[in-house]
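So the mapping is simple: my numbering equals the position in the sequence shown, first residue as 1, plus 3.
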Amino acid sequence: MDQLDRRIISALQHNARASTTHIAATLGVARTTVHERISRMEKSGVISGYSVVLRHVEDAPKVQVVVLLEVQQKETNRIIKRLEAYPEVKLCLSINGEFDLLLSAEAPRIEDLDILVDELAAIPGVLRTNTSVVFGRRIDRG
């Protein structure tokens, strides 16, 4: 995969329904080049499929926070089970370094997240938390 392949993939991730003509014009290359490269990436498995992302009607603007948790290692699995009960927690990653878990959480109001973070800190085995409010998404491929 070279830089042009990555740019084609980026264009498809932005809009998988974009025509090869449109992608070619955007990238400044021939339409046949884009078509051949997409076909090659599909055949080799680099591109394994396309999907539709639906927006739910109830999707309202939400406040998002990133919460870092330091936990007692022996309590990690139990803590993760507790985290699954919080619908505000959208992502939980196990990380290395000063903290052990990285959470992404969202709710309609910052006050809801303030309560959530207090509850997370009170879970037995959670040693400390560090929370940051997300101001905006600069790149979002998910």
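From the three backbone atoms N, C-alpha and C, an ideal C-beta is built for every residue, glycine too.
For clarity, every value in this text was computed on a predicted model and none was experimentally measured.
C-beta atoms of residue i and residue j nearer than 8 Å
| i | j | result |
| --- | --- | --- |
| residue 113 | residue 66 | yes |
| residue 72 | residue 91 | no |
| residue 130 | residue 49 | no |
| residue 23 | residue 41 | yes |
| residue 128 | residue 81 | yes |
| residue 109 | residue 93 | yes |
Residues near residue i by beta carbon distance below 8 Å, same chain, minus five either side
| i | result |
| --- | --- |
| residue 30 | 7, 10, 11, 14, 37 |
Own chain partners of residue i with C-beta closer than 7 Å, once the 5 adjacent residues on each side are dropped
| i | result |
| --- | --- |
| residue 95 | 83, 86, 104, 106 |
| residue 3 | With the chain represented from 4 up to 145, any question about residue 3 goes unanswered, as that position is not in the structure. |
| residue 16 | 144 |
| residue 137 | 67, 68, 69 |
| residue 34 | 23, 24, 27 |
Same chain, Cβ closer than 6 Å to residue i, five either side skipped, listed in chain order
| i | result |
| --- | --- |
| residue 124 | 132 |
| residue 134 | 68, 70, 120 |
| residue 44 | 50 |
Where residue i falls: helix, strand or coil (DSSP)
| i | result |
| --- | --- |
| residue 109 | strand |
| residue 55 | coil |
| residue 66 | strand |
| residue 137 | coil |
| residue 32 | coil |
| residue 49 | coil |
| residue 21 | coil |
| residue 4 | coil |
| residue 14 | helix |
| residue 87 | coil |
| residue 9 | helix |
Bridge-paired residues (DSSP) for residue i
| i | result |
| --- | --- |
| residue 132 | 72 |
| residue 97 | 104 |
| residue 92 | 108 |
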